[in-house]
Amino acid sequence: MPPALKALLAQAIGTATALAAARSGMLPGGLWPVVVVQALAATATATALGSAPWWRWIHLGFAPLVVVALQLNIAPGWYLAAFIGFALVFWSSFRTQVPLFLSNRATAAAVAEQLPRNRPSRLLDLGSGTGSLLRPLAQMRPDCRLEGIESAPAPYALSVLLTRREPTIAVARGDFFDIPWSDYDLVYAFLSPVPMAEVWRKASAELRPGALLVSNSFPVEGIDPDHIIDVDDRRHTRLYCYRPAGPAYQQKSGITGL
Ligand SMILES: C[S@@+](CC[C@H](N)C(=O)[O-])C[C@H]1O[C@@H](n2cnc3c(N)ncnc32)[C@H](O)[C@@H]1O
C-alpha cells in the first residue's frame with residue numbers, strides 16, 4: 020500500500036476510534052481526551068500497517084496540532100498559502116517518495132572527476148532540483164553540456180532563474196522516466212531508495228557502453244557498483260558509480276574483447 024494511503028487510513032481509523040470512544044461515554048468530558056485517543060489510535064494503526072517510523076510521529080502530533088492551530092485563530096488563507104507553497108516545492112513527492120534535498124559543492128567536484136577528461140561530454144541530473152549540482156559543475160567543467168530535468172514547479176523555476184547566465188546548462192520540467200538517457204556520458208541521481216530499481220532498469224536498457232550512472236547515497240539493491248566514492252564533506256556523502264552497459268551489456272549483445 021502506498022505510504023500516503025496508509026496515512027489516510029491511519030487518520031480515518033484514529034478518528035473513527037475516537038468518535039466511537041466519545042459516544043460510548045468512556046471518555047472524560049472535553050475535546051482533549053478525544054484528540055488524545057485519535058492520535059494514539061492513528062499512531063497504533065500506522066505502526067500495524069508498517070509505516071516508516073517518522074509517520075508514527077506525524078500521526079501522534081497531527082490531531083493535537085490541528086486543535087492548537089484552530090485555537091490560535093489563524094486566518095484560513097494562511098493554511099491555503101502554506102499548502103500551495105509546499106505543493107509547489109514537493110509536488111509529487113507523496114507518490115515518488117523522493118523529497119527535495121540538495122547536492123553540495125564537494126559532491127559536484129567528485130562528480131566532475133567522473134566526467135571523461137579528454138573530451139567534452141554530456142551529463143543528465145535526474146530530478147535537478149534548484150540546479151545545485153549543475154551550477155558548480157558548470158564552473159568546474161565549462162567544456163561539458165550539463166542538463167537537468169525536474170518535476171516540481173518551484174525548484175524548477177528557481178533553477179531556471181539561477182542558471183539563466185550559464186550557457187552550458189539546460190534545465191527542463193518533466194519526468195525523467197519519460198526522456199531517453201542514451202545520449203549522456205554520465206547520469207546523476209540523488210533520489211531515495213524507492214525509485215532506484217526502476218532507475219537501474221532504465222539505465223541498463225538505455226545507457227551506452229562506458230556511460231556512468233552515479234547515485235548519491237542510495238545504492239541499487241543487489242547490484243555491485245563499479246566503484247564507490249567517499250566525498251570528504253560533513254554529511255559523508257557516498258557516491259555509488261555503476262556502468263550498466265558494462266560486462267552485462269557485452270554478454271547480452273555478444274560483444275567481447277572490449
Ligand atoms: C533529492 S532532490 C536532488 C536535487 C538535485 N539533483 C541535487 O542533487 O541537488 C530530488 C529531486 O528529484 C525530483 N524528482 C523526483 N522524481 C522525479 C521524476 N520522476 N522526474 C523528475 N524529477 C523528479 C524531486 O522533485 C526533487 O526535486
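According to the numbering used here, the sequence shown is numbered sequentially starting from 20. No residue lacks a Cβ here, since even glycine has one placed at the ideal position from N, Cα and C.
Proline 22 to leucine 134 span [Cα, whole Å]: 37 Å
Euclidean distance between Cα positions of tryptophan 74 and leucine 28: 12 Å
Coil, strand or helix - valine 213 by DSSP: coil
Residue of Glu169, Ala171, Val130 minimising C-alpha distance to glutamine 158: Val130
Backbone secondary structure at aspartate 197 - three-state DSSP: helix
Beta-carbon contacts of proline 212 that lie in its chain and below 7 Å, excluding the five residues immediately before and after: Phe237
Run of the beta strand (DSSP E) containing histidine 246, from where it starts to where it stops: If you look at histidine 246, you'll find it in the beta strand (DSSP E) that goes 246-249.
Coarse secondary structure for glycine 80, derived from DSSP in three states: Of the three classes helix, strand and coil, the one that applies to glycine 80 here is helix, per DSSP.
Buried/exposed call for aspartate 194, threshold 16 Cβ in 10 Å: exposed
Alpha helix (DSSP H) segment containing isoleucine 168, residue limits: Premise fails: isoleucine 168 lies in the beta strand (DSSP E), 164-169, not in any alpha helix (DSSP H).
Host alpha helix (DSSP H) of arginine 124 (start-end): 124-133
Option in Ala173, Pro83, Ile247 with minimal Cα separation from isoleucine 103: Scanning Ala173, Pro83, Ile247 for the CA closest to the CA of isoleucine 103 turns up Ala173.
Cα-Cα separation between isoleucine 93 and valine 87, rounded to whole angstroms: 10 Å
Near ligand 1: proline 135 beta-carbon under 7 Å from a heavy atom: no
Proximity test, aspartate 144 beta-carbon vs ligand 1 heavy atom, cut-off 7 Å: yes
Three-state secondary structure (DSSP) of arginine 192: strand
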